[in-house]
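Below you'll find the structure, written out as structure tokens, and then a few comments.
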Amino acid sequence: MIELTQLEHRDSLLKRLARVEGQVRGIQAMIKRGDECESIAQQFSAARKALDKAYQEMLICLAEEAILTPDHSNQDKLAQVRAIFTKYT
172 MIELTQLEHR
182 DSLLKRLARV
192 EGQVRGIQAM
202 IKRGDECESI
212 AQQFSAARKA
222 LDKAYQEMLI
232 CLAEEAILTP
242 DHSNQDKLAQ
252 VRAIFTKYT
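Number 235 in the numbering used here belongs to position 64 of the sequence shown; there are no gaps in the numbering.
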């Protein structure tokens, strides 16, 4: 069963990704219109930061799942968190 916090994480992540999607579509429109490169670069930067923030939330979710697993020792939990950050960052 999905816990409330998992639903909150999912909803938050989906909202962030929807904003990133809107930003990317905005960038595409700016390019089609021939907007100034600096303005487009600013929007690229904002979209990258928003995507990075969503990615960080996903990593936190993975770490929380590893830490909160009741049937693993603290050593195993730490190893799992290390593996997550080594693999995905």
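Glycine included, C-beta positions come from ideal geometry on N, C-alpha and C.
Taking the alpha helix (DSSP H) that L233 belongs to, which residues open and close that run?
C208 to I238
Ignore the nearest five residues each way along the sequence and tell me which others in M172's own chain have a CB closer than 8 Å to its CB.
In this prediction, M172 has a pLDDT of 39, which is less than 50 and means its spatial position is unreliable; nothing more can be read from the coordinates.
At least three beta-carbon pairs within less than 8 Å, the region 211 to 225 to the region 184 to 203
yes
Over what stretch of residues does the alpha helix (DSSP H) that includes T257 continue unbroken?
N245 to Y259
How should A254 be labelled, buried or exposed, when 16 other C-beta atoms within 10 angstroms of its C-beta is the threshold for buried?
The residue is exposed, with fewer than 16 neighbouring Cβ atoms inside 10 Å.
If we ignore side chains and look at the alpha-carbon of each, how far apart do Y259 and L239 end up?
Going from the Cα of Y259 to the Cα of L239 covers about 19 Å.
Using C-beta distances below 7 Å, list every residue in its chain close to V252, excluding the 5 sequence neighbours before and after it, in chain order.
For V252, where only same-chain residues beyond five positions count, the Cβ hits under 7 Å are A234, A237 and I238.
DSSP three-state call for G205: helix, strand or coil?
Three-state DSSP puts G205 in coil, outside helix and strand.
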